[in-house]
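In my numbering, the protein residues as written are 1 to 146.
Everything below concerns the one structure shown next.
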Amino acid sequence: MVLQHLLQDPARLTQNSKPFIQQVILNAACVNRQGHHRWLRNLNFAEHIVIHYNRADYKLNGASFLSGNRKLGSKPRYPYHHGVRYVDFHAATGKTHNYFLDIPDRSFRRGAFIHAYYLALLHGQQPDWRQMPRSPWVGYQIPPTP
């Protein structure tokens, strides 16, 4: 939400003319999905933008119900930003809001694919997008954990 507000008024960002970080990851973002392409077009300080979403995420769907608007992290909506990689986690995570941590006493366990995917992203690398299946909604899909 802070990033969204900063980008809606780009004059607030003094170091935004060229990339100085490799990527921004919006992981299950709890911000209004409507118009996201407008404020993301002002994000110039990162080489890559990745949005993770899950249409069955129970926490984001609850937040959508309470706020009256769908969240970007539950299901992005057209128009999409052409410079963003959208990644659908639904097949791999089901209803959980947790994508990359194994929390004791919870049933979700990330698989090897999710581990390798986050390892690449969090180390400033890009996953091999050609190896990832396409999502039926938008972008790419993390495959189910075997």
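All C-beta atoms in this analysis are idealised placements derived from N, C-alpha and C, irrespective of residue type, glycine included.
Quick caveat: nothing in here was measured; it's all calculated off a predicted structure.
Within the same chain, show all residues whose beta-carbon is closer than 7 Å to that of residue i, passing over the 5 residues directly before and after it, in chain order.
{"i": "G83", "result": "I49"}
{"i": "S17", "result": "N44"}
{"i": "R134", "result": "Y140 and Q141"}
{"i": "A56", "result": "H90, G94 and K95"}
Could you check if residue i is buried or exposed, using at least 16 other CB atoms within 10 Å of its CB as the buried criterion?
{"i": "Q34", "result": "exposed"}
{"i": "Q126", "result": "exposed"}
{"i": "N141", "result": "Contrary to the premise, residue 141 reads as Gln rather than Asn in this sequence. Result: buried."}
{"i": "L66", "result": "exposed"}
Which whole-angstrom value is the C-beta distance of residue i and residue j, which I expect to be below 8 Å?
{"i": "P76", "j": "I114", "result": "The Cβ separation is near 20 Å, so there is no contact."}
{"i": "G139", "j": "Q23", "result": "Their Cβ separation, rounded to whole angstroms, is 15 Å, which puts G139 and Q23 out of contact at 8 Å."}
{"i": "G94", "j": "P146", "result": "Between P146 and G94 the Cβ distance is about 14 Å, and since that is not below 8 Å, they are no contact."}
{"i": "Y78", "j": "Y86", "result": "Contact flag wrong, Cβ pair sits at about 11 Å."}
{"i": "H97", "j": "Y53", "result": "About 11 Å separates the two Cβ atoms, so there is no contact after all."}
{"i": "I25", "j": "L119", "result": "Going by Cβ atoms, the distance from I25 to L119 rounds to 13 Å, so no, they are not a contact pair."}
By Cβ distance, which residues of its chain are closer than 8 Å to residue i, with the 5 residues on each side in sequence left out?
{"i": "S64", "result": "R70, K71 and S74"}
{"i": "W129", "result": "R85 and Y140"}
{"i": "I21", "result": "F45, A46 and E47"}
{"i": "P19", "result": "N44, F45, A46 and E47"}
{"i": "L60", "result": "A28, C30, N54, K71, G73, S74 and H97"}
{"i": "A11", "result": "none"}
Give every residue of the same chain whose Cβ lies closer than 6 Å to the Cβ of residue i, excluding the five residues on either side of it in the sequence, and list them in chain order.
{"i": "Q8", "result": "W39"}
{"i": "H36", "result": "L72"}
{"i": "P144", "result": "A91 and A92"}
{"i": "Y117", "result": "P127"}
{"i": "M132", "result": "Y140"}
> Taking contact to mean at least 3 C-beta pairs separated by less than 8 Å, is the segment 40-51 in contact with the segment 88-102?
Replying inline: Output reads no: the segment 88-102 does not touch the segment 40-51.
> Are the segment 16-31 and the segment 60-76 in contact at 8 Å, needing three or more beta carbon pairs?
Replying inline: The segment 16-31 vs the segment 60-76: in contact.
>> Which runs of the beta strand (DSSP E) at least 3 residues long sit entirely within the segment 52-137? Give them in chain order.
In response: Taking 3 residues as the shortest admissible run, the segment 52-137 contains the following complete beta strand (DSSP E) segments, listed from N- to C-terminal end: 84-88.
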